[in-house]
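Shown next, in C-alpha cells, is the structure this report addresses.
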Amino acid sequence: MLSRLPLKHLVVLSLMTVLTACASQPADQAARGETFDPYEGTNRSIHKFNLGVDRFLFRPASKGYVKIVPDPMVTSFNNFAENISLPGQAVDYLLQGNPKQMGNALLRFVINMTVGGAGLSSPADELNLPPVDTDFGETLHVWGFGEGAYVELPLYGPSTTRDAVGVVVNLFSNPINFTPVRPVDNIGVYAEVVRRMGDRGRFSDTVDSILYDSADSYAQARLIFLQNRRFELARDDEDAYLGLYTDPYAEIGTDPVRDPYLDPYEDPYAE
Amino acid sequence: MLNNALNRRHLIASGLAGLALTTLPVSVFAQTEASAKALVNSVVTEINRVIDSGKSENAMLRDFEKLFVQYADVPIMARYALGADARSASPAQLKKFTKAFQGYISRKYGRRFREFIGGEVEVRNARKIKAGYEVRTSVKLRGSSPFEVTFLVSDKSGRDKFYNMFIEGVNLLLTERTEIGAMLDARKGNLNQLIKDLGRVG
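Protein sequence lines, in the order shown, are assigned to chains Y and E.
Mapping to the numbering used here: the first sequence position 35 is 21, numbers consecutive.
Add 238 to a position in the second sequence, counting from 1, and you land on the number used in the numbering used here.
Encoded structure:
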C-alpha cells in the first residue's frame, strides 16, 4: 500500500505537467466555443484504430451482450457500474467544494448498496434525490483549468487534454479500490466496460449512424462530444448555458437593408 | 322587443369585444411561453401518433417529413446547415437544397424515433431567449436516466416554428452543418452533386 503511494504521486505530478504544458487555445477562439484540435492528425489515426476496434470487437460483443442478456439484467449491470462509481464521485464533489452533492452521492451509494441489493438496482432514483454525475475532469474545470485540446484516446474515445487527466486520476480516486475487502481489482473499470457495452448495444443504430453513416465520423464524434461535455459542465451556469446557443437568424442577417441577398425570409419557393 | 334586440346586439358586441380581447394578445404578442410550450406538446403528440400508427417505416418517414415541414422553419434550418455555401448558391439551388435537406433530416431522425418507443416527454419550462423561446423538456426512456431535450422556437417566419433542437447539449443544426460541410468537401464543393446525393442518404 505504502509503496504504491509515491507512484501515485508521480502519476498525478506528471499529469499536472501535461495539463499545464499542453498547447493552449487563443482566448478569443475559446470564448467563441470553437473546436481546438491541434493534434488532429494523430487524433484521426487513433479514430481509425478505434473504429476498427468497434467494428470487429466492441460492436459485435455489445450487440451479442444485449441480445443474450435480458434487458432488466443489462439495466441492473448499468446500475451496478453507476453505483460503484458513487464513492469516487463523492470524492470529486468534495474536491469541488460541493458538500451537498457529496452527501447526496454517499446517500445514494448507501441506499443502493443496501436496499438496492448490492447496487444492482437504483431505489434512490425513486426518492427524487438530485442526480449525481461528476468526474475529476469536472473537478479540474471547477478549479479553473480550461478545456484544453481535443484528443481521441485509444479504446476510450473522445476526450480533451483536461478530461484525459481526469480519466486517469479517476482510475485511482475511487475509495472502493482501497477498502480491505476488495472483491476484484479494478471492479469499477470492468463494470464500466460492461455498462458501455450495454449502451453500445442498446443504442447501436444511433451509434452506428454516427460512426459508419457519416461523411466524416471523426468530425461528428468530436463535435458531439465537445458540445455534450460543455453542456454537462455548464449545467449550473446559466450564462455559459445560453452561450451554447447559436442564433441562425442572427448569423445570416435578418436585416435586409444591410444584406438584401441574405434575407432569410425571402421565400425560397417563390421563384 | 327593441330592448331585447339592443340587448342582444349589446351582447354580441361585447362578446366580440371579449373575443377580440382574448385573441388580441395572441396576435399582437404572437409568441408567448405558453404558445411555445403548446407547440412542443403538439409535435410530441403528433410524433407519438405516427409511431403508434403501425404503418410501414417508409410511410412513417413520409409522415415525419410532413410534420417537419409543418412544425419547423425548414428554410432557415437548411440555410444554416449549408453555412457559408448558402451565400454563393443560386436561389434555385437553395430551393432544391432545402427540399433535399427536408427529406434527409426526416429520414435520418425519423429512423431514430423507433428507439423512443415508450418514451415519455415532459415539457418542463419555457423562457424567452434572443431569437424566440427556449422550451426545455425531459425525456425518459426505458432503462436509462432522463435526459434533456431543448427546443428553440421562433415566430420570425410568421408563425411559431422550431428552428433548432438540443439533445443533452448537442446542437442539431451545428451537427448537421458539420455533416453537410463534410459531404460537400467529399464532393469537392459541388453543391448540385450534394443535392442529388442528399436525396439518397439519411
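Note that beta-carbon positions come from the ideal geometry of N, C-alpha and C, so glycine has one too.
C-alpha of E:Ile405 to C-alpha of Y:Ala67: approximately 24 Å in a straight line. Between the C-alpha atoms of Y:Asn156 and Y:Leu139 there is a straight-line separation of about 15 Å. Counting only residues of its own chain and dropping the five nearest sequence neighbours on each side, E:Val288 has a CB closer than 6 Å to the CB of Met298, Asp301.
Interface with chain E (8 Å Cβ-Cβ cutoff): Y:Asn36 is excluded. The distance from the Cβ of Y:Asn69 to that of Y:Met88 is about 16 Å, inconsistent with a contact at the 8 Å cut-off. By the criterion of at least three beta-carbon pairs nearer than 8 Å, the segment 192 to 201 of chain Y is not in contact with the segment 386 to 395 of chain E. Using a Cβ-Cβ distance cut-off of 8 Å, the segment 344 to 362 of chain E and the segment 272 to 287 of chain E are in contact, since at least three pairs of beta carbons, one from each stretch, lie closer than that value.
The segment 332 to 342 of chain E makes no contact with the segment 364 to 373 of chain E: fewer than 3 CB pairs, one atom from each, lie closer than 8 Å. With fewer than 16 other Cβ atoms inside 10 Å of its own Cβ, E:Ala322 counts as exposed.
No residue range can be given for Y:Asn160, since it is assigned to no beta strand (DSSP E) and is classified by DSSP as neither H nor E. For Y:Val137, same chain residues with a beta-carbon under 7 Å away, outside a window of 5 residues either side, are Tyr25, Asn29, Ser145, Thr146, Thr147, Ala150 in chain order.
DSSP places Y:Phe63 within a helical segment (H, G or I) once states are collapsed to three. In the DSSP annotation of this structure, the continuous segment of the alpha helix (DSSP H) that includes E:Phe335 starts and ends at 329 to 350. Using a Cβ-Cβ cut-off of 8 Å, E:Met403 is close to nothing in chain Y; its nearest Cβ partner there is about 12 Å away. At least 8 Å separates the beta-carbon of E:Gly437 from that of E:Ala316. For E:Thr416, the C-beta contacts it makes with chain Y under 7 Å involve Ala205, Gln206, Leu209, in order along the chain. Contact annotation: E:Ala364 and E:Ala274 have beta-carbon atoms nearer than 8 Å.
Take the alpha-carbon of Y:Thr125 and the one of Y:Phe42: they are about 35 Å apart.
Take Y:Glu133, set aside five residues on each side of it, and the residues of its chain with a beta-carbon closer than 7 Å to its own are Thr146, Arg148, in chain order.
The C-beta distance from Y:Asp121 to Y:Asp78 rounds to 6 Å, short enough to fall under 8 Å. Residue pairing of E:Lys399 in beta bridges, as defined by DSSP: E:Ser392. With 16 or more neighbouring CB atoms inside 10 Å of its own CB, E:Phe306 falls in the buried class. Taking a Cβ-Cβ threshold of 7 Å, the residues of chain E close to Y:Arg216 are Gly407, in chain order. Per DSSP, the beta bridge partners of E:Ile367 are E:Gly370.
A Cβ-Cβ contact shorter than 8 Å links Y:Val101 with Y:Pro109.
The secondary-structure analysis by DSSP pairs Y:Leu139 across a beta bridge with Y:Gly143. The C-beta of E:Ser328 has fewer than 16 other C-beta atoms within 10 Å across all chains shown, which makes the residue exposed.
Under the 8 Å criterion on CB atoms, E:Leu299 is classed as non-interfacial with respect to chain Y. Sequence-distant partners of Y:Asn160 (beyond 5 residues in either direction) whose C-beta falls short of 8 Å from its own C-beta, in its chain, are Ile70, Ser71, Pro73, Gly74, Val77, Gly174. Cα atoms of Y:Asn65 and Y:Phe44: separation of roughly 20 Å, rounded to the nearest angstrom. Flagged as an interface residue toward chain E: Y:Ala201, by a C-beta distance shorter than 8 Å. E:Lys304 and E:Ala310 have their alpha carbons spaced roughly 10 Å apart. In the displayed model, Y:Ala201 falls within coil according to three-state DSSP, outside both helix and strand. About 7 Å separates the beta carbons of E:Met403 and E:Val387, which is inside the 8 Å limit, making them a contact pair. The beta-bridge partner set that DSSP reports for E:Lys378 consists of E:Glu358.
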